[in-house]
Structure formats: structure tokens, C-alpha cells
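Those protein sequences? They're chains A and B, same order as listed.
FYI, in UniProt numbering the residues of the first sequence are 1 to 192.
FYI, in UniProt numbering the residues of the second sequence are 1 to 192.
All C-beta atoms, glycine included, are put in the ideal place defined by N, C-alpha and C.
Since we're looking at a predicted model, the values are computed, not measured.
Structure, as C-alpha cells:
2 protein chains.
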Amino acid sequence: MSRQMVRPGGRSARVQASVHTAVRELEAEVGRDALTVPLVAQRAGVTPSTIYRRWGDLTELLSDVAVERLRPDTAPKDHGALAPDLAAWAEQFLDEMASPGGRAYIRDALLGDPDGTNAGQCSAYAADQVDLILARAAARGGEIPEAEIPEVETVIDRVVAPLMYRILFRPAGLDAAYARGLVAGLLGQGDR
Amino acid sequence: MSRQMVRPGGRSARVQASVHTAVRELEAEVGRDALTVPLVAQRAGVTPSTIYRRWGDLTELLSDVAVERLRPDTAPKDHGALAPDLAAWAEQFLDEMASPGGRAYIRDALLGDPDGTNAGQCSAYAADQVDLILARAAARGGEIPEAEIPEVETVIDRVVAPLMYRILFRPAGLDAAYARGLVAGLLGQGDR
Numbered sequence: 001m002s003r004q005m006v007r008p009g010g011r012s013a014r015v016q017a018s019v020h021t022a023v024r025e026l027e028a029e030v031g032r033d034a035l036t037v038p039l040v041a042q043r044a045g046v047t048p049s050t051i052y053r054r055w056g057d058l059t060e061l062l063s064d065v066a067v068e069r070l071r072p073d074t075a076p077k078d079h080g081a082l083a084p085d086l087a088a089w090a091e092q093f094l095d096e097m098a099s100p101g102g103r104a105y106i107r108d109a110l111l112g113d114p115d116g117t118n119a120g121q122c123s124a125y126a127a128d129q130v131d132l133i134l135a136r137a138a139a140r141g142g143e144i145p146e147a148e149i150p151e152v153e154t155v156i157d158r159v160v161a162p163l164m165y166r167i168l169f170r171p172a173g174l175d176a177a178y179a180r181g182l183v184a185g186l187l188g189q190g191d192r
Numbered sequence: 001m002s003r004q005m006v007r008p009g010g011r012s013a014r015v016q017a018s019v020h021t022a023v024r025e026l027e028a029e030v031g032r033d034a035l036t037v038p039l040v041a042q043r044a045g046v047t048p049s050t051i052y053r054r055w056g057d058l059t060e061l062l063s064d065v066a067v068e069r070l071r072p073d074t075a076p077k078d079h080g081a082l083a084p085d086l087a088a089w090a091e092q093f094l095d096e097m098a099s100p101g102g103r104a105y106i107r108d109a110l111l112g113d114p115d116g117t118n119a120g121q122c123s124a125y126a127a128d129q130v131d132l133i134l135a136r137a138a139a140r141g142g143e144i145p146e147a148e149i150p151e152v153e154t155v156i157d158r159v160v161a162p163l164m165y166r167i168l169f170r171p172a173g174l175d176a177a178y179a180r181g182l183v184a185g186l187l188g189q190g191d192r
């Protein structure tokens with residue numbers, strides 16, 4: 001949300017929901033490149049100036065919608081231990097982010113984001129998922145010495161950052177084995 | 001270069017040089033947001049259709065100019081050993097990429113880059129610099145066992161990727177100490 005914070009409920013939240021829905025529907029129907037603010041406004045049943053006032057322009061609106069779509073909708077699966085939990089999550093993260101849709105949303109999120117709020121939100125989603133996996137490992141107790149459970153920021157550096165960097169800048173060789181290798185390297189099970 | 005490869009020398013290279021110069025001058029004079037293809041064409045002494053034909057649109061032209069500006073213009077400094085060479089390079093890379101200009105160029109490079117060529121070129125610049133540092137360490141001989149010199153791709157994963165990820169998505173705490181810590185962690189001199 002670039003311009004205003006939206007309170008849950010109320011007209012503001014309804015406008016946001018209908019505008020987001022309009023963007024998603026129109027993306028599917030006419031394609032992303034054909035979107036315009038008047039077109040979205042018409043579909044959402046609001047005036048164009050409502051959109052300009054809240055989002056600034058189409059790029060910022062698309063950035064908001066992208067962040068919303070990049071939000072994980074389930075908790076990471078529980079495989080009973082830290083290593084398979086992290087490896088499966090890393091694989092799934094790569095799958096989603098490297099898909100054509102994922103790439104388009106990452107690009108949109110980065111683009112219409114003058115203050116970095118939306119990019120930060122994408123990163124926070126990943127950090128929250130990782131945090132959940134690490135907390136689960138700690139709660140199991142005994143599975144792995146507490147001191148060997150990595151910090152969230154270390155998982156970001158060693159797993160999330162290389163995946164996202166390569167998706168954006170260096171996609172050659174980016175596959176599930178690479179994602180699993182990053183996790184194995186971090187947990188001392190490989191020599192990466 | 002999105003549409004055509006440019007042969008060195010000849011009219012094509014001259015057009016590219018004058019268009020790039022026009023973009024840089026106009027960015028400084030009127031600001032990036034006021035740039036248009038006709039404005040750039042007029043300054044460069046070419047027709048707008050020359051620009052559309054070669055670059056597609058303004059976003060792709062700006063992406064090309066950005067990549068050109070992100071090209072390192074000197075070899076990494078030689079500090080006599082691998083650890084200080086890598087640490088100094090990482091610090092300088094962070095400085096340049098995290099500056100307002102660097103961030104704007106990274107964004108431009110990613111944006112007008114439908115096939116990923118320009119983003120790949122940015123990554124290749126970093127890899128080439130790292131490669132030079134590693135080759136220097138190997139050539140010194142005896143400084144460090146050959147087997148302990150990391151692979152280029154490992155330096156990308158452990159140093160370049162976290163720096164670039166955090167610049168784009170998670171800038172809190174991003175400073176020279178963090179950059180040096182990544183290098184120390186990679187070379188086994190820290191516990192990051």
C-alpha cells in the first residue's frame with residue numbers, strides 16, 4: 001500500500017478488494033499490457049480518480065496486487081525434521097518464484113515501489129515462513145541442538161538470496177537440486 | 001542490446017554511442033522521468049524510428065544504458081591476499097549498487113529486459129570481477145591451498161547474491177561490516 005494505510009473493513013477495504021479483483025480479472029482477460037487505470041476503475045465500479053488518489057498510478061497499483069499474490073497462503077509443510085522442512089520449502093519457493101507468473105509478480109512488485117515497502121513485504125513473507133520452520137525445529141526439542149538451528153537472517157543469506165538473485169539475474173542451472181544443495185550447505189550436510 | 005547485435009565500429013556503433021550519450025545528458029538535465037523517445041532522438045541527431053527499431057521502447061533503451069553504466073571500469077584492487085581482495089571488492093560493490101544511482105540503474109536494467117539479457121550481463125560483470133580476484137589468489141601460489149580457493153559460483157551465492165537481494169528487498173542493516181562478514185563467513189574466518 002503506497003499512499004494510504006487501509007483499515008480492515010469499511011469502504012476503504014471494499015474499494016481495495018474490488019480494485020484488486022478487477023486487476024486480476026482483467027489480467028486474465030485482456031493481458032497485463034492492455035491494463036489501464038480507466039479500464040480497471042470501470043470494472044471495479046470506482047472512479048479513476050479514486051485509483052489515482054490511493055495508488056498514484058498503474059505501476060504502483062500493479063505492485064500492490066503483485067505483493068498480494070506473492071503472499072503465501074499456507075504454512076510450510078511439516079516433514080518431521082528441519083532439513084527436509086527447509087529443503088521442501090526452498091524447492092517450493094523456487095518453483096513459485098521462477099514460474100512465469102512468479103517472475104512477472106516479482107518484477108511488478110519491484111517496479112511500482114518507490115519507497116521499497118512492497119519489496120520489503122515480499123522479503124517479510126519469506127522470512128515469516130522460514131521463521132515458522134525454525135521455530136518448529138526448536139519446539140521439537142532434541143532433534144537438533146538449539147545452537148545448530150540457524151538464524152532467520154542466515155537462512156535468508158544462504159538460501160533465499162541466492163534463489164532470488166539467480167531468478168532475477170543468473171537463471172542458468174537453477175533447479176530443485178540447486179535449491180536443496182543450498183539448504184544442505186547451510187546445514188553442514190554438503191560442501192557448497 | 002535487446003533487438004540487434006551491434007557490430008563494433010560502423011554506423012550502428014555510432015548511433016548507439018550518440019543515443020546513450022543523449023540519455024545520460026538528458027537524465028542529468030531534465031531528470032529520468034521527463035525522458036521521451038522523441039527527446040532522446042532529437043538530442044542524439046537520429047529519428048525516433050531509429051530508436052524504436054533498435055530498442056523497442058524507452059524502457060528497453062534505459063535498460064541498455066543502465067547496464068552500460070553498471071559495467072566496472074577498473075579491475076579489482078590488489079591487496080596482496082584473497083581475503084582483503086574479496087572484502088574490499090564486496091564493500092565497493094555494495095557502495096556502488098546501493099547508492100541511489102546504482103539502485104536506479106539496477107531497476108532500469110531489470111525492467112526493460114524481456115529476455116533477461118541485460119540482467120545476465122550485470123551478473124556477468126560481477127562474476128568476471130570475482131573470477132579475476134580468485135585467479136590472482138591462485139597465481140600467487142602458496143598463499144592459500146588451491147583447494148581452499150572458492151568457486152566463482154560459490155562467491156556469487158555467498159557474497160554477491162545476499163548483497164543484491166538485500167539492496168532490492170531487505171535493506172535494513174546493510175553496511176560495510178555486513179559485506180565483510182559475508183566474505184569472512186565464506187572463507188571460514190567467521191561463523192556467519
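Please confirm whether residue i has its beta-carbon closer than 8 Å to some beta-carbon of chain A.
{"i": "B/R107", "result": "yes"}
{"i": "B/I156", "result": "yes"}
{"i": "B/A119", "result": "yes"}
{"i": "B/S12", "result": "no"}
{"i": "B/S63", "result": "no"}
{"i": "B/S18", "result": "no"}
{"i": "B/P145", "result": "no"}
{"i": "B/L186", "result": "no"}
What is the residue span of the alpha helix (DSSP H) that residue i lies within?
{"i": "A/H20", "result": "G10 to V30"}
{"i": "A/R180", "result": "A176 to L186"}
{"i": "A/D131", "result": "T117 to R140"}
{"i": "A/I156", "result": "Note, A/I156: premise wrong, no alpha helix (DSSP H); not H, not E."}
{"i": "A/R71", "result": "Counting along the chain, A/R71 falls outside any alpha helix (DSSP H), and DSSP gives it neither H nor E."}
{"i": "A/L35", "result": "From DSSP, A/L35 is part of no alpha helix (DSSP H); its letter is neither H nor E."}
{"i": "B/S49", "result": "P48 to W55"}
{"i": "A/I106", "result": "P100 to L111"}
Say whether chain B places a C-beta atom closer than 8 Å to the C-beta of residue i.
{"i": "A/G112", "result": "no"}
{"i": "A/G116", "result": "yes"}
{"i": "A/S99", "result": "no"}
{"i": "A/S123", "result": "yes"}
{"i": "A/S2", "result": "For A/S2, the predicted structure reports a pLDDT of 45, less than 50, and the residue's modelled location is therefore unreliable. The matter cannot be settled from this model."}
{"i": "A/R192", "result": "Interpretation of A/R192 is limited by its pLDDT of 37, a score under 50 that renders its predicted location unreliable; the figure taken from the coordinates is listed afterwards. Taking Cβ atoms only, chain B reaches closer than 8 Å to A/R192, which makes this a yes."}
I think residue i touches residue j, with their Cβ atoms under 8 Å apart; what is that distance to the nearest whole Å?
{"i": "A/L163", "j": "A/A83", "result": "Not really, about 17 Å apart at Cβ, beyond 8 Å."}
{"i": "B/L110", "j": "A/L168", "result": "6 Å"}
{"i": "B/V160", "j": "B/V183", "result": "At roughly 11 Å, the Cβ-Cβ gap does not stay under 8 Å, so B/V160 and B/V183 are not in contact."}
{"i": "B/S123", "j": "A/R170", "result": "4 Å"}
{"i": "B/V40", "j": "B/A22", "result": "5 Å"}
{"i": "A/A75", "j": "A/L132", "result": "6 Å"}
{"i": "A/R24", "j": "A/V65", "result": "7 Å"}
{"i": "A/V19", "j": "A/A44", "result": "5 Å"}
{"i": "residue 195 of chain A", "j": "A/V15", "result": "The structure shown does not extend to residue 195 of chain A, since chain A is modelled only from 1 through 192, so no value can be given for it."}
{"i": "A/E146", "j": "A/A135", "result": "Rounded, the Cβ-Cβ distance is 12 Å, inconsistent with contact."}
{"i": "A/P72", "j": "A/Y105", "result": "Actually they do not touch by this definition, with Cβ atoms about 13 Å apart."}
{"i": "B/P150", "j": "B/L174", "result": "Between B/L174 and B/P150 the Cβ distance is about 22 Å, and since that is not below 8 Å, they are no contact."}
{"i": "B/Y165", "j": "A/Y178", "result": "Not really, about 16 Å apart at Cβ, beyond 8 Å."}
{"i": "B/R180", "j": "B/A87", "result": "5 Å"}
Inset, instruction - Could you please tell me which residues of the stretch 159-177 of chain A, in chain order, have their CB closer than 9 Å to any CB of chain B? - result: V160, A161, P162, L163, M164, Y165, R166, L168, F169, R170, P171, A172 and G173
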